[in-house]
Amino acid sequence: NRKIGPRTLVWAEKELVDKSAYEFAETEAMLKTAEDLAGPYVWGQYDLLVLPPSFPYGGMENPCLTFVTPTLLVSLTLLKVIAHEISHSWTGNLVTNKTWEHFWLNEGHTVYLERRIGGQLFGEEFRHFKALGGWRELQNTINTFGDKNPVTNLVPNLSEVDPDEAYSSVPYEKGFALLFYLEQLLGGADVFMGFLKAYIQQFAYKSIVTEDWKKFLYSYFKDKVDLLDKVDWNSWFNAPGMPPVKPMYDMTLADACVALSQRWIQAKESDLCSFSSADLKEISSHQLIEFLALLLLEPPLPLSHVKRMQQVYDFNAINNSEIRFRWLRLCLKSKWEEAIPLALKMATDQGRMKFTRPLFRDLYNFDKSRDLAVKTFLEHRASMHPVTSMLVGKDLKQDQ
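Sequential numbering of the sequence shown, starting at 9, is according to our numbering.
Next comes the structure, spelled out in structure tokens:
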């Protein structure tokens with residue numbers, strides 16, 4: 009281990025410990041920012057444990073010792089995951105959902121706090137940019153599940169359902185969208201943070217359900233009941249698909265991603281020579297992730313377009329896992345056979361379900377790689393985490 013702050017050690021296999029200490033150096037600054045927003049950190053120590061690559065999640069907020077995936081060491085979402093797990097010290101560990109139906113109480117509030125930390129550190133435009141990225145992530149999830157699927161309800165009915173099978177970005181991003189919408193409805197970020205702080209104090213060391221949260225919201229904003237009554241609570245909580253209202257987003261950082269993705273979508277064969285590496289000169293890694301995410305929401309690009317994209321942007325050379333994951337999905341959707349071995353390698357070199365499941369699904373949906381995807385899964389199944397192996401098995405119609 010290495011000491012990286014007054015209350016933080018980072019633990020890892022010895023080959024990774026120095027890299028981990030370097031990458032997680034900002035942990036104390038994030039803890040302090042979180043305390044400024046949410047109140048004192050009550051758990052004393054805040055250590056990080058970097059797990060082997062088969063760990064199925066980005067992070068897991070065990071009190072005093074957050075578990076994290078080593079995929080963070082080659083990705084810029086490092087900050088997001090650590091800010092997320094730190095935020096769970098208040099929403100999740102101090103105030104906890106009573107049952108998995110109310111999982112959004114843990115995750116929606118934690119994403120909200122995580123993005124507030126990002127806003128404090130990098131500015132309000134960055135917070136809005138990340139919030140908009142979350143909305144697109146939600147669109148992607150709902151496209152995968154189908155917009156009538158009851159597991160896309162914010163408060164789903166999980167009787168006879170394995171919570172692992174219902175797990176998705178819905179409690180995170182639909183939950184966040186509700187809180188972000190309420191922030192805008194009720195008077196802005198600082199006003200809403202006042203509520204969140206009071207909510208944490210009110211329910212500290214307790215397990216609660218959505219109705220407890222809603223009652224407290226009404227009592228805290230008793231002078232704004234007329235506004236709260238305008239909210240379509242039934243659709244937010246109990247309807248599948250996208251939320252009934254889309255919050256407002258500052259588009260400053262998103263506009264460049266939208267513009268570049270539109271250029272590619274509208275380009276004809278004869279326009280492909282107009283793209284060059286200079287297109288990315290002013291674009292950050294965060295924006296690159298968003299550019300690829302936007303393209304993934306559209307019908308597949310022609311194969312000639314993704315080949316040209318590789319030629320001018322050389323995405324195959326990028327090791328950032330968030331960028332690489334979306335780029336390989338884009339290639340598979342456009343049926344580029346050269347991406348098959350790269351996608352199989354990424355799906356099996358690590359086991360983070362956020363990456364492994366969609367890659368295997370896309371490989372299975374591409375006729376040229378279906379048999380190889382199944383064969384590779386069966387070869388690697390024994391070394392996968394049991395939850396990953398169970399869910400990928402279902403995706404590939406291989407459940408035993």
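Cβ atoms here follow ideal geometry from the backbone N, Cα and C, with glycine treated the same way.
Under a three-way DSSP split, which group does residue i fall into?
| i | result |
| --- | --- |
| valine 76 | strand |
| arginine 316 | helix |
| tryptophan 51 | coil |
| valine 233 | helix |
| isoleucine 326 | coil |
| glycine 66 | coil |
| threonine 396 | helix |
| isoleucine 216 | strand |
| threonine 99 | strand |
| asparagine 242 | helix |
| leucine 311 | helix |
| valine 199 | helix |
| leucine 305 | coil |
| threonine 104 | strand |
| valine 119 | helix |
| isoleucine 413 | With the chain covering only 9 through 408, there is no way to say anything about residue 413. |
| valine 253 | coil |
| tryptophan 344 | coil |
| aspartate 170 | coil |
| lysine 22 | coil |
| aspartate 379 | helix |
| leucine 404 | coil |
| glutamine 358 | coil |
| phenylalanine 211 | helix |
If the criterion is Cβ atoms closer than 7 Å, does the pair residue i and residue j meet it?
| i | j | result |
| --- | --- | --- |
| glycine 67 | valine 89 | yes |
| valine 103 | isoleucine 208 | yes |
| alanine 29 | arginine 10 | yes |
| phenylalanine 188 | proline 255 | yes |
| leucine 236 | glutamate 181 | no |
| proline 14 | threonine 396 | no |
| leucine 340 | phenylalanine 363 | no |
| leucine 121 | serine 95 | yes |
| leucine 311 | tryptophan 344 | yes |
| glutamate 69 | glycine 100 | yes |
| phenylalanine 368 | valine 400 | yes |
| leucine 24 | valine 58 | yes |
| arginine 135 | glycine 126 | yes |
| histidine 294 | serine 62 | no |
| alanine 301 | arginine 144 | yes |
| isoleucine 273 | glutamate 306 | yes |
| threonine 41 | glutamine 128 | yes |
| serine 269 | leucine 225 | no |
| alanine 185 | glutamate 191 | no |
Which residues bound the alpha helix (DSSP H) around residue i?
| i | result |
| --- | --- |
| leucine 87 | 86-95 |
| tryptophan 143 | 132-153 |
| asparagine 373 | 361-373 |
| isoleucine 273 | 263-274 |
| methionine 38 | 35-46 |
| tyrosine 189 | 183-194 |
Using alpha carbons as the reference points, say which of the options lies closest to residue i.
| i | options | result |
| --- | --- | --- |
| tyrosine 54 | Leu45, Gly100, Cys72 | Cys72 |
| threonine 260 | Thr118, Pro171, Ala139, Thr35 | Ala139 |
| histidine 117 | Lys205, Val76, Asp240, Asp44 | Lys205 |
| cysteine 265 | Tyr257, Glu298, Glu277 | Glu298 |
| glutamate 109 | Ala351, Pro171, Asp240 | Pro171 |
| proline 78 | Asp322, Val320, Gly359 | Gly359 |
| lysine 183 | Leu194, Gly202, Asn161 | According to the sequence displayed, residue 183 carries glycine and not lysine. Nearest C-alpha to glycine 183: Asn161. |
| leucine 296 | Ala267, Lys106, Asp279 | Ala267 |
| serine 292 | Ala262, Ser278, Glu191 | Ala262 |
| threonine 356 | Ala381, Leu338, Arg337 | Ala381 |
| aspartate 155 | Pro251, Leu288, His313 | Pro251 |
| glutamate 31 | Cys281, Ala174, Val18 | Val18 |
Using 6 Å as the cut-off, classify the Cβ of residue i as near or not near the heavy atoms of the ligand ATP, replying yes or no.
| i | result |
| --- | --- |
| phenylalanine 224 | By its list of ligands, the structure shown contains no ligand whatsoever, and the ligand ATP lies outside what it can speak to. |
So the beta strand (DSSP E) residue i belongs to, where does it begin and stop?
| i | result |
| --- | --- |
| threonine 160 | Neither: threonine 160 is in no beta strand (DSSP E) and is coded neither H nor E. |
| arginine 389 | No beta strand (DSSP E) contains arginine 389, which DSSP labels as neither H nor E. |
So what does residue i bridge to, in DSSP terms?
| i | result |
| --- | --- |
| lysine 11 | Leu17 |
| leucine 352 | Beta-bridge pairing links leucine 352 to no other residue. |
| valine 58 | Val76 |
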